[in-house]
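Numbering (this note's numbering), first residue to last: 62 to 517.
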C-alpha cells in the first residue's frame with residue numbers, strides 16, 4: 062500500500078473539500094471557513110487479504126448478527142429489540158441531557174454478561190469510576206474496563222487484542238487519528254475517526270455505541286457523513302430542567318425510525334417511565350379554557366398528551382404566533398383553515414400554543430386537538446378533562462383518519478377517557494366505556510366546542 066501526500070482545503074463547517082482555497086463554501090454557504098490540511102491517499106495495487114472479495118448470499122452466516130439485550134426495556138425497544146452485533150450506533154443530544162449517564166448505565170448492564178470497554182476521552186479514569194459508583198448498586202461489573210486512550214489506532218489494537226464485544230466511545234469529538242492533521246473534533250478528524258470506527262464494527266464484529274455532540278442549531282456536530290455511516294442515530298431530547306428525557310430514533314437500519322423512549326432523571330441516573338402520559342398532562346382546572354387532550358402515536362406506542370392554546374387581543378401591527386412543541390408552519394395552516402373554512406378569525410389575536418411537558422409533536426394526528434384548543438380559547442369554553450381528540454386536518458377543512466387509531470382508542474379507554482372525537486372511520490372499533498364522536502369536517506368541531514359541557 063503506497064501513500065501520497067496531497068494538500069486539501071476542508072470547510073470547517075460542513076466538511077466540503079476542495080483542491081484550492083475558496084472564499085465561500087459551495088456546500089453550506091459559509092465565508093472564510095476553509096482550512097488547509099494534508100490528506101493521505103491510499104492506493105492499493107492488489108488484493109492482499111485472504112478473505113474473498115464477494116460471497117454468495119446463501120453462504121452468508123447470520124447467526125453472529127443476532128441482537129444483544131441491553132438490559133433496558135425502553136432502550137431495547139427503540140433499537141428494534143436490542144442492539145445488533147457489530148452495529149454502529151450514534152447517540153447525540155444537547156449538553157447535560159444525560160447521554161453519558163445513559164451509556165454508563167447500559168455499559169453496566171452489558172458488563173454482567175459481556176466484555177465491555179468504556180472509552181472516555183473527556184474524563185479521567187477516577188472521574189468515570191465516581192460516576193459508575195453513583196449509578197450502580199449491585200450490578201455485576203467484572204467484565205467492565207475503562208480507558209482514556211483517545212488515539213483511534215491504539216484503540217483498534219486494544220479492541221482486537223483483548224477481544225472486546227461492546228465498546229462505548231465518549232465522545233467522537235474527543236478521539237483523533239495520527240493519519241490526519243488537526244485537533245480532535247475538527248471536521249477532518251471526525252471523518253477519519255468515523256471510518257476507523259466503522260472498520261472496527263464491521264470487520265471485528267464489535268458493537269459500538271458512540272456519543273456525538275450537537276451544534277447550537279441542534280444538529281450533530283461534524284460532517285453529515287457521520288450520520289450516513291452509522292447504523293442507528295438516537296437523539297436525546299428534553300430540557301435539562303425538566304424531570305424527563307425523550308430518546309428518539311431518527312435512523313435505524315434494523316428497525317423502525319419513529320420510536321421514542323421516555324426516561325426520568327433521578328439521583329441514581331435515568332429510570333424508565335412505565336406510564337409516560339403522566340408527564341404530558343397538566344393539573345389544570347376543569348373549567349379552564351384553551352386546553353385539549355390529544356391521543357398520538359410515536360412508533361408503536363400511543364400517548365395521551367395535552368395541548369394548551371391562548372388567544373388574546375393584540376395591539377401589534379403583526380400579531381404574535383408563539384409555539385412550543387409544534388411547528389410554526391403547522392399552526393399557521395390550522396389557523397388559516399379555521400379562518401377560511403370556519404369563519405373563526407385570528408388576525409387580530411396573539412396566539413400561543415404549548416405542548417405540556419415540552420414534547421415535540423411531529424404527527425398530523427395532533428391537528429384536531431390543536432384546533433380544538435384554539436377554539437376553546439377563542440370561545441372561552443372549557444374542554445372537559447376526560448375528552449380527547451384524534452385526527453388530521455386538510456386544507457379544505459376535512460378531518461382525515463390517521464394510522465394506529467385503534468391502539469390510540471384503547472389507550473384512551475385504559476386512561477379513563479369518556480369521549481373521544483375522531484374522523485369518520487371506515488372500520489369503527491369497539492371500545493368499552495368510551496363514546497366515539499365522528500367528525501367529518503371542522504364545522505362539526507366548531508359546533509361541538511361551542512356546545513361543550515363538563516361531565517358530572
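Even for Gly, the Cβ is constructed at its ideal location relative to N, Cα and C.
Coarse secondary structure for residue i, derived from DSSP in three states
{"i": "residue 312", "result": "strand"}
{"i": "residue 586", "result": "There is no way to answer for residue 586, as the model of the chain reaches only from 62 to 517."}
{"i": "residue 242", "result": "coil"}
{"i": "residue 231", "result": "strand"}
{"i": "residue 155", "result": "coil"}
{"i": "residue 451", "result": "coil"}
{"i": "residue 209", "result": "coil"}
{"i": "residue 326", "result": "strand"}
{"i": "residue 352", "result": "strand"}
{"i": "residue 475", "result": "helix"}
{"i": "residue 68", "result": "strand"}
{"i": "residue 273", "result": "strand"}
{"i": "residue 137", "result": "helix"}
{"i": "residue 381", "result": "coil"}
{"i": "residue 119", "result": "helix"}
{"i": "residue 341", "result": "coil"}
{"i": "residue 129", "result": "strand"}
{"i": "residue 85", "result": "strand"}
{"i": "residue 461", "result": "strand"}
Residue i versus the options, residue with shortest Cα-Cα distance
{"i": "residue 205", "options": "439, 212, 344, 225", "result": "225"}
{"i": "residue 412", "options": "375, 419, 429", "result": "375"}
{"i": "residue 231", "options": "379, 223, 154, 452", "result": "154"}
{"i": "residue 207", "options": "190, 348, 394", "result": "190"}
{"i": "residue 182", "options": "476, 234, 227", "result": "234"}
{"i": "residue 214", "options": "259, 175, 187", "result": "259"}
{"i": "residue 363", "options": "88, 476, 145", "result": "476"}
{"i": "residue 74", "options": "95, 326, 84", "result": "95"}
{"i": "residue 149", "options": "295, 171, 159", "result": "295"}
{"i": "residue 337", "options": "365, 320, 349", "result": "365"}
{"i": "residue 133", "options": "171, 123, 158", "result": "171"}
{"i": "residue 309", "options": "442, 136, 390, 393", "result": "136"}
{"i": "residue 422", "options": "399, 371, 341", "result": "341"}
{"i": "residue 496", "options": "503, 504, 471", "result": "471"}
{"i": "residue 480", "options": "451, 194, 457", "result": "451"}
{"i": "residue 428", "options": "216, 261, 393, 406", "result": "393"}
{"i": "residue 403", "options": "409, 410, 395", "result": "395"}
{"i": "residue 163", "options": "433, 327, 410", "result": "327"}
Endpoints, the beta strand (DSSP E) within which residue i is located
{"i": "residue 255", "result": "Run containing residue 255: none in the beta strand (DSSP E); it sits in the alpha helix (DSSP H), 248-265."}
{"i": "residue 405", "result": "Run containing residue 405: none; DSSP gives neither H nor E here."}
{"i": "residue 180", "result": "177-181"}
{"i": "residue 480", "result": "480-484"}
{"i": "residue 500", "result": "496-500"}
{"i": "residue 293", "result": "293-298"}
Straight-line Cα distance separating residue j from residue i
{"i": "residue 397", "j": "residue 424", "result": "19 angstroms"}
{"i": "residue 419", "j": "residue 299", "result": "7 angstroms"}
{"i": "residue 501", "j": "residue 373", "result": "29 angstroms"}
{"i": "residue 245", "j": "residue 128", "result": "32 angstroms"}
{"i": "residue 508", "j": "residue 289", "result": "49 angstroms"}
{"i": "residue 255", "j": "residue 152", "result": "14 angstroms"}
{"i": "residue 82", "j": "residue 241", "result": "18 angstroms"}
{"i": "residue 192", "j": "residue 69", "result": "41 angstroms"}
{"i": "residue 238", "j": "residue 252", "result": "10 angstroms"}
{"i": "residue 335", "j": "residue 322", "result": "10 angstroms"}
{"i": "residue 487", "j": "residue 493", "result": "19 angstroms"}
{"i": "residue 367", "j": "residue 270", "result": "34 angstroms"}
{"i": "residue 147", "j": "residue 176", "result": "14 angstroms"}
{"i": "residue 229", "j": "residue 178", "result": "6 angstroms"}
{"i": "residue 166", "j": "residue 330", "result": "8 angstroms"}
{"i": "residue 248", "j": "residue 263", "result": "23 angstroms"}
{"i": "residue 474", "j": "residue 227", "result": "42 angstroms"}
{"i": "residue 512", "j": "residue 324", "result": "39 angstroms"}
{"i": "residue 71", "j": "residue 461", "result": "48 angstroms"}
{"i": "residue 352", "j": "residue 378", "result": "27 angstroms"}
{"i": "residue 186", "j": "residue 78", "result": "37 angstroms"}
{"i": "residue 243", "j": "residue 483", "result": "57 angstroms"}
{"i": "residue 307", "j": "residue 297", "result": "6 angstroms"}
{"i": "residue 401", "j": "residue 457", "result": "9 angstroms"}
{"i": "residue 210", "j": "residue 455", "result": "55 angstroms"}
{"i": "residue 220", "j": "residue 332", "result": "30 angstroms"}
{"i": "residue 406", "j": "residue 432", "result": "13 angstroms"}
Heavy atom of the ligand PLP within 6 angstroms of residue i beta-carbon
{"i": "residue 92", "result": "With respect to the ligand PLP, the structure shown offers nothing to examine, as it has no ligands at all."}
Boundaries of the alpha helix (DSSP H) in which residue i is found, first to last residue
{"i": "residue 146", "result": "Element bounds for residue 146: n/a, residue is neither H nor E."}
{"i": "residue 189", "result": "186-196"}
{"i": "residue 511", "result": "503-511"}
{"i": "residue 335", "result": "Residue 335 -> no alpha helix (DSSP H), and no H or E assigned at all."}
{"i": "residue 374", "result": "Looking at the DSSP string, residue 374 is not in any alpha helix (DSSP H); the run it does join, the beta strand (DSSP E), is 362-374."}
{"i": "residue 431", "result": "428-440"}
Counting pairs of beta carbons, one from the region 137-154 and one from the region 315-323, are three or more of them closer than 8 angstroms? yes
Quick check: the region 352-360 against the region 466-485, are there 3 or more CB pairs under 8 angstroms? yes
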